[in-house]
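Our numbering puts the last residue of the sequence shown at 75; the count rises by one with no breaks. Taking it in order: structure first as structure tokens, then the write-up.
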Amino acid sequence: MDRMNKERKAEEIVSQKRVKKEIETDKRVHFSVQGDTENHLVIFDKAKNAWSCDCRYFSLQSKECSHIFAAKMLK
Ligand SMILES: [Zn+2]
């Protein structure tokens, strides 16, 4: 998946309202994202200024996935 594809996918997720901000604390922001096949949890760590997602792509590649891109657009 290249960067353009991820951005296009993220725009689709946002326009279809499949991303939601769930909880915001002093340290973190939690988002839920409805993916193509399953739902994902995206977390923004404010202290580290770092994003993470529980999907396979992110855990294998450690690169920002379309779910993170979508959460960023919402934020
Ligand atoms: Zn993801």
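Note that the Cβ used here is the ideal one computed from N, Cα and C, for glycine as well.
State the Cα-Cα distance for the pair residue i and residue j, rounded to the nearest angstrom.
| i | j | result |
| --- | --- | --- |
| C65 | N39 | 13 Å |
| A47 | L60 | 24 Å |
| Y57 | H67 | 10 Å |
| N49 | K75 | 13 Å |
| V19 | K63 | 19 Å |
| S32 | K17 | 11 Å |
Looking at the unbroken beta strand (DSSP E) that takes in residue i, where does it start and where does it end?
| i | result |
| --- | --- |
| A50 | 50–53 |
| Q34 | 28–34 |
Leaving out the 5 sequence neighbours to the left and right, which residues in its chain are closer than 6 Å to residue i when beta-carbon positions are compared?
| i | result |
| --- | --- |
| I43 | R28, H30, S52 |
| N5 | none |
| D54 | H40, L41 |
Ignore the nearest five residues each way along the sequence and tell me which others in residue i's own chain have a CB closer than 7 Å to its CB.
| i | result |
| --- | --- |
| E7 | F69 |
What do you get for residue i, buried or exposed, if any count of 16 or more other CB atoms within 10 angstroms of its CB means buried?
| i | result |
| --- | --- |
| A71 | buried |
| I13 | buried |
Kindly list the residues whose CB is nearer than 8 Å to the CB of residue i, restricted to its own chain and excluding five residues on each side of it in sequence; keep chain order.
| i | result |
| --- | --- |
| D45 | K27, R28, W51, S52 |
| E24 | H30 |
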